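*Asks:* Per UniProt numbering, the sequence shown starts with residue 1, numbered consecutively.
From the three backbone atoms N, C-alpha and C, an ideal C-beta is built for every residue, glycine too.
None of these values were measured; they are calculated from a predicted model.
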Amino acid sequence: MADKKPRIVIVGAGFGGVKLAKLFAKDDVEVTLVDRHNFHLFQPLLYQVSTAVLSTDEIAYPIRTFFRKNKNVEFFMAKAQGVDQERKVLLTNHGEIAYDYLILAAGATTNFFGMENVEKNSFGMKTLQEAIHIRNHVLHMFERANKHEDNEEERRRMLSFVVVGGGPTGIEEAGAISELIGIQKKEYHHLDFNEVSVSLIEATDNVLPMMAPNLRDHTVKVLERKGVNVMLNTQVVDYDGNTLKLKDGREIPTRTVIWAAGVKAVPFIANCGGEVDRAGRVVVNEKLQVKGSENVFAIGDCANFHHGTERPLPTVAPVATQQAQVAHDNIMKLIHGQSDLADFHYKDLGAMATIGRGEAVVNKTSMNPQLTGFIAWCAWMFVHLIRLAGAHTNLTVAIKWMWNLLSGTRLGRIITNIQL
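So this is what it looks like as structure tokens:
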């Protein structure tokens, strides 16, 4: 009887998990990719679904379609719940999965920093369902405000949109909402759009901390030109669904708070037998192995890699994909009985963020140290297009972006959870 092939189990079908599965698909191993959704989500464009630029199928791609030609790759739709390292099994809500080598690539979830009311009443921006929920809610606020003709206070509350967090997600969401309002202005003939407001709240003294100071200043100026009220050095302490309370005592009446202020590892990572940090990420060594284990690895947003860096590596896609390559190579070395595992070294490819139609900032790339404006937006568009899954998606998204650039049209303004 032939020896069994090594069993590789990958938890999470994000950028790192899919990259790993594609690499192992070429090897003489059996791969099981586990995720609670049957699609790979392009998270950097969630904000465009939430503001009616793109539709769901343009940023989500069926996982099985990636591997239709790879018979050694199996997909298992389940929610991971923990790891029993002694028995070498992954625990899920649909049973156990045995492994020889396990890679945790489960991504992250929204971090509300212990503020229960904020978590209960605000909108996260990490899942497809959350993006759809934001789109439905924002559009619904306009419909309801349009009927509150005699209650200015309630209208203003409905038409006040607050984004918390000055990172790329917050910047992109605030800019996109301000442009969505411009479209709504053409179609709501009886609404006073002087009552509409968009605010961006950031707890520190600057936005986009990974950018150069001049690019941060440029970003703030563009947002303010779009009508966004940028509030720096401002901390949120509570939100009950109607009034956002700030640390300095100020209050903002609003029915819409979108939380983009932080991330943490998904909860099950704490049940995987490794050491975790304050954000719930599992600590890994230079080889990307979970501390205390030879055959369990972790990459991406759920891993704390803190070797030769001032702070853990950022939760961005390039970290996950670069770690996927090293984790694959190290596991294949272990399979072949080799002990000279490679250390992971992150190559920073730069940072970019779009601020709206034809506006973006790009910092420290191989193409150019800094870019702003339309050229930066074109670079941002190109990078995101080539990372999308499937030629059909590339074509449709490119056409939508160009049409939106020229006309501002957003036909995705469909409310799908009817509220009467």
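Does the Cβ of V237 have 16 or more other Cβ atoms within 10 Å, making it buried, or fewer, making it exposed?
*Replies:* The residue in question, V237, is exposed, as its Cβ has fewer than 16 Cβ neighbours within 10 Å.
*Asks:* Measure the C-alpha to C-alpha separation of L54 and G95 and round it to an integer number of angstroms.
*Replies:* Rounded to the nearest angstrom, the two C-alpha atoms are 36 Å apart.
*Asks:* By DSSP, does G356 sit in helix, in strand, or in coil?
*Replies:* It is a strand residue.
*Asks:* Under 9 Å between the Cβ atoms of F67 and A108?
*Replies:* For F67 and A108, no; Cβs fall outside 9 Å.
*Asks:* Would you say R156 lies against chain D (beta-carbon separation less than 9 Å)?
*Replies:* This model lacks chain D altogether, as it is built from one protein chain only.
*Asks:* When the Cα of F76 is compared with those of K400, D192, A98, which residue comes out closest?
*Replies:* Checked all of K400, D192, A98; the closest Cα to F76 is A98.
*Asks:* Terminal residues of the continuous beta strand (DSSP E) containing V73?
*Replies:* Note, V73: beta strand (DSSP E), 73 to 77.
*Asks:* Going along the chain, which unbroken runs of the beta strand (DSSP E) with 3 or more residues stay wholly within the region 282 to 334?
*Replies:* Runs of the beta strand (DSSP E) inside the region 282 to 334: 296 to 298.
*Asks:* Measuring alpha carbon to alpha carbon, tell me which of A25, Q129, K4, Y101 ends up nearest T56.
*Replies:* Measuring from the Cα of T56, the nearest candidate turns out to be Q129.
*Asks:* Would you check if the distance between the CB atom of V284 and the CB atom of A303 is smaller than 9 Å?
*Replies:* Contact flag set, yes.
*Asks:* What residues are listed by DSSP as bridge partners for M231?
*Replies:* In the DSSP output, where bridge partners are listed per residue, M231 has I201.
*Asks:* Using alpha carbons as the reference points, say which of R87, N229, A265, T219 lies closest to G358.
*Replies:* Among R87, N229, A265, T219, the Cα nearest to that of G358 is on T219.
*Asks:* Return the CA-CA distance between F123 and T256, expressed in angstroms with no decimal places.
*Replies:* Roughly 8 Å separates the two Cα atoms.
*Asks:* Assuming A25 contacts N72 under a Cβ cut-off of 8 Å, what Cβ separation, rounded to an integer in Å, is found between them?
*Replies:* Going by Cβ atoms, the distance from A25 to N72 rounds to 6 Å, so yes, they are a contact pair.
*Asks:* Give me, in chain order, the residues of the same chain whose beta-carbon lies closer than 6 Å to that of Q289; leave out the 5 immediate sequence neighbours on both sides.
*Replies:* If we look at Q289 and ignore the five residues flanking it on each side, its Cβ neighbours are F297.
*Asks:* Using CA coordinates, which residue listed in D248, A265, N214, V31 is at the minimum distance from N111?
*Replies:* Ranking D248, A265, N214, V31 by Cα distance to N111 puts A265 first.
*Asks:* For I418, count neighbouring Cβ atoms within 10 angstroms of its own Cβ and tell me buried if that reaches 16, exposed if not.
*Replies:* I418 should be labelled exposed.
*Asks:* Can you list, in chain order, the residues of its chain whose CB lies under 6 Å from that of V164, leaving out five sequence neighbours each side?
*Replies:* I201, V236, W259, A261.
*Asks:* Are the Cβ atoms of Y346 and Q322 separated by less than 9 Å?
*Replies:* Contact: yes.
*Asks:* If we require 3 or more residues per run, which beta strand (DSSP E) segments fall completely within the region 74 to 120?
*Replies:* Runs found: 80 to 84, 89 to 92, 95 to 98, 101 to 104, 108 to 110.
*Asks:* DSSP on Q338, reduced to helix/strand/coil?
*Replies:* Coil, per DSSP.
*Asks:* Flag this pair as touching only if the region 273 to 283 and the region 327 to 335 have three or more C-beta atom pairs under 8 Å; answer yes or no.
*Replies:* No contact exists between the region 273 to 283 and the region 327 to 335.
*Asks:* Compute the Euclidean distance between the alpha carbons of N206 and P213, then round it to the nearest angstrom.
*Replies:* N206 and P213: Cα-Cα distance of roughly 8 Å.
*Asks:* Judging by CA-CA distance, which residue of D28, Q81, K19 is the nearest neighbour of K4?
*Replies:* It is D28 whose Cα lies nearest to the Cα of K4.
*Asks:* If the criterion is Cβ atoms closer than 9 Å, does the pair E275 and D343 meet it?
*Replies:* No, they are not a contact pair.
*Asks:* Specify, as a first and last residue, the run of the alpha helix (DSSP H) that F24 falls within.
*Replies:* Here the alpha helix (DSSP H) through F24 covers 15 to 24.
*Asks:* Could you name the residues of the same chain whose beta carbon sits closer than 6 Å to that of Y101, not counting the 5 residues immediately before and after it, in chain order?
*Replies:* Contacts found: I8, N295, I331.
*Asks:* Which whole-angstrom value is the C-beta distance of G412 and C272, which I expect to be below 8 Å?
*Replies:* Between C272 and G412 the Cβ distance is about 38 Å, and since that is not below 8 Å, they are no contact.
*Asks:* Classify Q338 as buried or exposed, calling it buried when 16 or more other Cβ atoms lie within 10 Å of its own Cβ.
*Replies:* The residue is exposed, with fewer than 16 neighbouring Cβ atoms inside 10 Å.
*Asks:* If you drop the 5 nearest sequence neighbours on each side, which residues of the same chain put their C-beta closer than 8 Å to that of M125?
*Replies:* Excluding positions up to five away in sequence, the list reads L46, Y47, S50, T110, A131, I134, T169, E173, I258, W259, A260.
*Asks:* Does the beta-carbon of H148, which I'm using as the reference point, lie nearer than 8 Å to any heavy atom of the ligand PLP?
*Replies:* Because no ligand of any kind appears in the structure shown, any question about the ligand PLP cannot be addressed here.
*Asks:* Can you tell me which of L159, D248, A353 puts its alpha carbon nearest to the alpha carbon of T372?
*Replies:* When each option's Cα is compared against that of T372, the closest is A353.
*Asks:* Should G175 be labelled buried (16 or more other beta-carbon atoms within 10 Å of its own) or exposed?
*Replies:* Buried, since its Cβ has 16 or more Cβ neighbours within 10 Å.
*Asks:* Roughly how many angstroms lie between the CA atoms of D146 and R64, to the nearest whole one?
*Replies:* Checking the displayed sequence, the identity of residue 146 turns out to be Asn instead of Asp. So the two alpha carbons sit approximately 44 Å from each other.
*Asks:* From P209 to P314, what distance separates their C-alpha atoms?
*Replies:* Rounded to whole angstroms, P209 to P314 spans 11 Å at the Cα level.
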